[in-house]
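Below you'll find the structure, written out as structure tokens, and then a few comments.
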Amino acid sequence: MKKVVILSAFLSPFRSGAEACAEEVAIRLEGRYDITIVTARMRRGGGGQGGGKVCVIRIGLGFSFDKWLYPFLAPFVVWKLKPDIVHAVLETFAGLALYFCKWTSSGSQRILTLQTTNRSFLKQMIVRSPDTVTAISSALVNIAKEYGREDVHLIPNGISLKTIRSTVLQTQKVEGRILFVGRLEEMKGVDTLLNAFEIVIQRHPRAHLRIVGDGSLRAPLEARAERFIKEGRVRFVGWVSVPDVYKEFAAAQIFCGLSRSEALGNVFLEAMAAECGVVATRVGGIPDIVQDEKTGILVPPDDPDVASAAIEILLTDHEEREQLAQAGRLFAERFDWGEIAERYAQVYENE
């Protein structure tokens, strides 16, 4: 049995697409491989080694600063474990740790999974170093090729399809509900969404918007939407548990994400699996999963007029919305984490 160490600077509860990849792949392949996840501790009280089905080693002092220590501490943990394969998920902190592993664990095969669209000299150095590179979208494959990698495996992130579908079967769609799920940061374009919603509400008074997530821009966005919040048309929900996020998807008729940058966008897959009509921007890896007028509607970023028109189509044309929602559901079925884990297993077997 091959020994595999997965490097992920963060895990739940600090979970997004990259962390989900590390956790879900490990859970599904444990038993076929001897898997250990090495992550940063990040908060006090966390033990050095986690329990559960997969062995998790947490390193650091228990503070947010641990993410900066992680690239330097993780290679020594890997050296002690002596794995056949070291797999870094995300090219920032974990990717830098993998880069250092070429000296501390030269006998191990090194795999890097690209998860962001950022470009830098440091990223170029990190991408050129491993034995194998995977990427979650065609946009990231192209970035890797810019850095001289021609041997990139395209393996997208996945979704918990069975759980989402089970939630959908127990939940009724709410008429006029528009949903956003994600971090409240500049790159997510929530300001554009609020501007688009202001246009929509003039002709569709029953429409209402739920914003699920948190971030540094929450306060200014709430101030921007103050009138709509008082009228009950917009609600900032904050962070919720994963099961509750699935309930939000299941109850929404429309999911709208107007990102300015996106490596792939797992939330779009989850929305499609939950039979939402999807409006998304034509940026990064989003067109890999949202196919214009087939599984959703694509619009340019920073254009509330075009976005509002797309939302209005889905609010008024029920047949069109249902057609897109069902096509999206079928497309999303290809992205179950079980299928994605098998693709990583093929990469592991070739190392």
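Residue 191 in the numbering used here sits at position 98 of the sequence shown; the count goes up by one each step and never skips.
Beta carbons: idealized from backbone N, C-alpha and C, even for Gly.
C-alpha gap between Ala367 and Leu357, whole angstroms
18 Å
What is the rounded straight-line gap between the Cα of Pro313 and the Cα of Val283?
11 Å
If you count every other CB in all the chains shown that lies within 10 Å of the CB of Ile332, and 16 or more means buried, which is it?
According to the sequence displayed, residue 332 carries Trp and not Ile. It is exposed - the Cβ of Trp332 has fewer than 16 other Cβ atoms within 10 Å.
Is Glu355 helix, strand or coil by DSSP?
coil
Within 10 angstroms of the Cβ of Phe214, are there 16 or more other Cβ atoms? Answer buried if so, exposed if not.
exposed
Could you tell me which uninterrupted alpha helix (DSSP H) segments, each at least 4 residues in length, are contained entirely in the stretch 163–212, listed from first to last along the chain?
186–197
Assign Glu444 to one of three DSSP states: helix, strand, or coil.
coil
Report the rounded CA-to-CA distance for Gly188 versus Arg212, giving the unit in angstroms.
14 Å
Assuming Ile304 and Val327 are in contact, meaning their beta carbons sit under 8 Å apart, how far apart are those beta carbons, in whole angstroms?
7 Å
Is Ala425 closer than 8 Å to Ile292 when the C-beta atoms are compared?
no
Find the nearest neighbour of Ala167 within the set Ala133, Val182, Phe158, judged by alpha-carbon distance.
Ala133
Within the continuous beta strand (DSSP E) that includes Asp127, where are the two ends?
127–133
Look at the Cβ atom of Phe273, then the Cβ atom of Gly350, and state whether they are nearer than 8 Å.
yes
Between the CA atoms of Arg151 and Glu279 - distance to the nearest angstrom
31 Å
May I have the straight-line CA-CA distance separating Gly421 from Gly269, to the nearest angstrom?
19 Å
Whole-angstrom distance between Lys173 and Leu254, CA atom to CA atom
37 Å
Can you give the Cα-Cα distance for Arg258 and Trp196, rounded to whole angstroms?
45 Å
Do the stretch 119–126 and the stretch 423–440 make contact, defined as three or more Cβ pairs closer than 8 Å?
yes
Within the stretch 270–304, note down every full alpha helix (DSSP H) run reaching 4 residues or more, in order along the chain.
283–296
For Ile152, name the three-state secondary structure that DSSP assigns.
strand
Under a three-way DSSP split, which group does Ala232 fall into?
helix
For Thr206 versus Ala181, is the C-beta distance shorter than 8 Å?
yes
So which of Tyr339, Ala344, Ile294 has the shortest CA-CA distance to Ala402?
Ile294
Taking all protein chains shown into account, decide if His301 is buried (16 or more other Cβ within 10 angstroms of its Cβ) or exposed.
buried
Spatial distance of Val392 from Cys194 (CA atoms)
42 Å
How should Gly124 be labelled, buried or exposed, when 16 other C-beta atoms within 10 angstroms of its C-beta is the threshold for buried?
exposed
Here's the rule: buried if 16 or more other CB atoms are within 10 angstroms of the residue's CB, otherwise exposed. What is Met365?
buried
With 16 other Cβ atoms within 10 Å as the buried cut-off, status of Ser101:
buried
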